[in-house]
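See below for the structure under consideration.
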Amino acid sequence: MKWPAYSIGAMAIAYGAYGIASQADKTHPFSYLLWLAGSVALHDALIAPVVLLAGALTGLLKESFRTPLRTALALAAVTTLVTLPTLLAFGRRKDNPSILPLDYPRGLLIVLAVIAATTLIVSVLSRRRARSG
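To get our numbering, take the position in the sequence shown, counting from 1, and add 12.
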């Protein structure tokens, strides 16, 4: 019974494509196509192989370490991806220092450290529970 969700998704995509095509003078459809093609190429050339390698390497670990580490890697990847616009300072202007005023790389490192510490704690507790149970 997935067809209702697929239908809604297809309609949303069609509506977006219609909006891009019908207002081509404002939306620049070629830039969308270039962005989509670049996304596919980036995924196939970099992201998918890295994820497969990480999955294979973490598969060598014991279960008590494997699942928390895979979760941490996924969280770290998504967090880094979401913060890329601020890390790369998109929108920062010299004439307005209030735009992106913080040290975003440091903030990301703090969040990644919290993810790593939480992963370590969960792994240790999981291993202890496995030994005692």
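By construction, the Cβ of each residue, glycine as well, lies at the ideal position given by its N, Cα and C atoms. Predicted, not measured: the structure shown is a model, and the values here were computed from it.
#1: LEU120 and THR83 look like a contact to me (Cβ under 8 Å); what is the Cβ gap, rounded to whole Å?
#2: With H, G and I counted as helix, E and B as strand and the rest as coil, what does DSSP make of ARG104?
#3: Less than 8 Å between the CB atoms is what I'm expecting for LEU124 and ALA88, so what's the real figure, rounded?
#4: Using the beta-carbon count (16 or more within 10 Å), is THR131 buried or exposed?
#5: Report buried or exposed for LEU81, applying the criterion of at least 16 other Cβ atoms within 10 angstroms of its Cβ.
#6: What did DSSP end up calling ILE111 once you bin it into helix, strand or coil?
So, to answer that:
#1: In the sequence shown, the residue the question calls residue 120 occupies position 108. In the sequence shown, the residue the question calls residue 83 occupies position 71. Wrong, their Cβ atoms sit about 18 Å apart, outside the cutoff.
#2: Taking the first residue of the sequence shown as position 1, residue 104 is located at position 92. DSSP places ARG104 in the coil class of the three-state scheme, outside both helix and strand.
#3: Your numbering for residue 124 matches position 112 in the sequence shown. Your numbering for residue 88 matches position 76 in the sequence shown. Sure, about 6 Å apart at Cβ, within 8 Å.
#4: Counting from 1 along the sequence shown, the entry for residue 131 is found at position 119. Burial call: buried.
#5: Residue 81 sits at position 69 when you count from the first residue of the sequence shown. Buried: at least 16 other Cβ atoms inside 10 Å.
#6: The residue labelled residue 111 in the question sits at position 99 within the sequence shown. It is coil, neither helix nor strand.
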